[in-house]
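> My structure is below; once you've seen it, I'll send some questions.
Numbering (the numbering used here), first residue to last: 21 to 273.
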C-alpha cells in the first residue's frame with residue numbers, strides 16, 4: 021500500500037522547497053522558505069506518528085538544523101546530504117533512523133562498488149538508504165549526483181535495482197526533472213519502480229494533488245511510497261492539504 025512520506029528539505033540552514041533541477045553553487049530557484057525551524061516540522065510529523073520521512077541537507081550549512089530535526093523525532097526520520105563513512109555514524113547517533121547516500125558512492129560518474137562496500141561496513145544494510153535520484157536520458161533514467169547536476173553512467177533499470185538492493189534496506193528516488201514543479205509525477209518511472217523494485221522505495225517529484233497519491237498507489241500496485249513537498253499547504257502550497265495526507269495514511273495502515 022502506498023503511503024505518504026513526509027520530508028524536511030534544508031538549504032542554507034532553513035526549511036525550503038526548491039525546484040530540484042536548479043540547485044547549484046549559486047543557489048536555487050525557491051518555491052518556499054519557512055519561518056519555522058526544522059524541529060517544528062519534525063514535531064508535527066511526530067504528533068501524527070508519520071514515520072519513514074527524510075531530512076535532506078541541500079549543500080553546506082545544514083548540520084545544525086538537520087540534527088535538531090533528527091533529535092526531535094528520534095529514530096523515525098532518515099537523513100541524507102553529504103553522507104560518507106566519516107560522518108554516517110554521527111548522524112545515526114544524532115537520531116537518524118537511517119542515512120541516505122548518493123554522491124559518495126560515485127567516482128567520475130561511475131558507481132564505485134568499493135566505496136559502497138566501505139560505507140556498508142560502517143552502517144550495514146538496515147540503516148542504509150540509497151538515493152537513486154535520476155534524470156531522463158535517451159535510454160530511460162540515469163542516476164544524478166552532485167545536487168542532481170551530474171548525470172552518471174548508471175541507469176535506473178532492473179539490473180541496477182537488483183544489484184544495489186543487496187546493500188541497503190530501501191531506495192529514495194527523486195525524479196529531478198520534475199522535482200518542485202508541481203506539474204505531475206513521472207508516471208512511467210513510478211510504474212517501472214512498482215514492477216521492478218525488490219525492496220521498499222519512496223518516489224519524490226512533481227506531486228501536485230491527492231490524485232497523484234492515488235495514481236502512485238494505482239500505478240505501482242501499492243509498492244511505491246510518495247513524498248509530497250512544494251504542493252503541501254504546510255510548505256506554502258495550495259494543491260495538497262497536510263491533514264488529507266495524514267488521513268490517507270491512517271486509512272491505509
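Even for Gly, the Cβ is constructed at its ideal location relative to N, Cα and C.
At what residue ranges does the segment 103-148 contain a whole run of the alpha helix (DSSP H), taking only runs of 4 or more?
For the segment 103-148, whole alpha helix (DSSP H) runs of length 4 or above, ordered along the chain, are 108-113, 133-143.
> Does the contact criterion of 3 or more C-beta pairs under 8 Å hold for the segment 111-120 versus the segment 159-173?
No contact exists between the segment 111-120 and the segment 159-173.
> Just to confirm, are residue 61 and residue 89 a CB contact at a threshold of 8 Å?
Cβ atoms of residue 61 and residue 89: closer than 8 Å.
> Hey, quick one: how far does the alpha helix (DSSP H) through residue 175 stretch, first residue to last?
Taken as a continuous stretch (DSSP letters only), residue 175 belongs to no alpha helix (DSSP H), being part of the beta strand (DSSP E) at 170-175.
> Which residue's Cα is closest to the Cα of residue 186: 237, 233, 263, 150?
Looking at the Cα atoms, 150 is the closest of the given residues.
> For residue 97, which beta-bridge partners are listed by DSSP?
In DSSP, residue 97 forms a bridge with 73, 116.
> Can you tell me whether DSSP reads residue 195 as helix, strand or coil?
Note: residue 195 maps to strand in three-state DSSP.
> Need the endpoints of the alpha helix (DSSP H) that residue 214 sits in, please.
Per DSSP, residue 214 belongs to the alpha helix (DSSP H) from 207-216.
> Which of the three DSSP states, helix, strand or coil, is assigned to residue 36?
Residue state, collapsed to three classes: strand.
> Decide if residue 243 is buried, meaning its Cβ has at least 16 other Cβ atoms within 10 Å, or exposed.
Looking at its Cβ environment, which holds 16 or more other Cβ atoms inside 10 Å, residue 243 is buried.
> Does the beta-carbon distance from residue 252 to residue 236 come in below 8 Å?
No. Outside cutoff.
> Looking only at its chain, what residues have a beta carbon closer than 6 Å to the beta carbon of residue 72, apart from the 5 residues adjacent to it on each side?
Around residue 72: 25.
> Go ahead and pull the three-state DSSP assignment for residue 66.
Residue 66 falls in the helix class under three-state DSSP.
> Going straight from the alpha carbon of residue 141 to that of residue 258, what length do you get?
In a straight line, the C-alpha of residue 141 is about 44 Å away from that of residue 258.
> Report the rounded CA-to-CA distance for residue 255 versus residue 212, giving the unit in angstroms.
Roughly 29 Å separates the two Cα atoms.
> If you count every other CB in all the chains shown that lies within 10 Å of the CB of residue 37, and 16 or more means buried, which is it?
So residue 37 counts as buried.
> Going by beta-carbon coordinates alone, are residue 189 and residue 214 separated by less than 8 Å?
Not a contact, by the Cβ cut-off of 8 Å.
> Can you tell me where the beta strand (DSSP E) with residue 222 in it begins and where it stops?
Looking at the DSSP string, the run of the beta strand (DSSP E) that includes residue 222 is 221-224.
> In three-state DSSP terms, what is residue 50?
Looking at residue 50 - three-state DSSP - the assignment turns out to be strand.
> Between the Cα of residue 124 and the Cα atoms of 115, 108, 114, 113, which residue gives the shortest distance?
Comparing Cα-Cα distances from residue 124 to each of 115, 108, 114, 113, the minimum goes to 108.
> From 64, 197, 178, pick the residue whose C-alpha is nearest to that of residue 164; which is it?
Of 64, 197, 178, the residue nearest in Cα terms is 197.
> Less than 8 Å between C-beta atoms, sequence neighbours within five positions excluded: which residues of the same chain meet that for residue 22?
Cβ within range, chain order: 233, 236, 237, 240, 242, 243, 244, 245, 246, 272.
> Per DSSP, residue 246 is paired with what?
According to DSSP, which records beta bridges pairwise, residue 246 is partnered with 24, 223.
> CB residue 203 to CB residue 229, shorter than 8 Å?
Result no, Cβ atoms of residue 203 and residue 229 do not sit closer than 8 Å.
> Alpha carbons only, please: which of 133, 221, 143, 128 is nearest the one belonging to residue 111?
Answer by Cα proximity: 143.
> Starting from the C-beta of residue 269, find all residues in its chain whose C-beta is less than 6 Å away, skip the five residues before and the five after it, and write them out in chain order.
Excluding sequence neighbours, residue 269 sits near 23, 24.
> Within its chain, find whatever has a CB closer than 8 Å to the CB of residue 154; leave out the 5 residues flanking it on each side and keep chain order.
So the qualifying residues of the chain are 161, 162, 163, 164, 176, 193, 194, 195, 196, 209.
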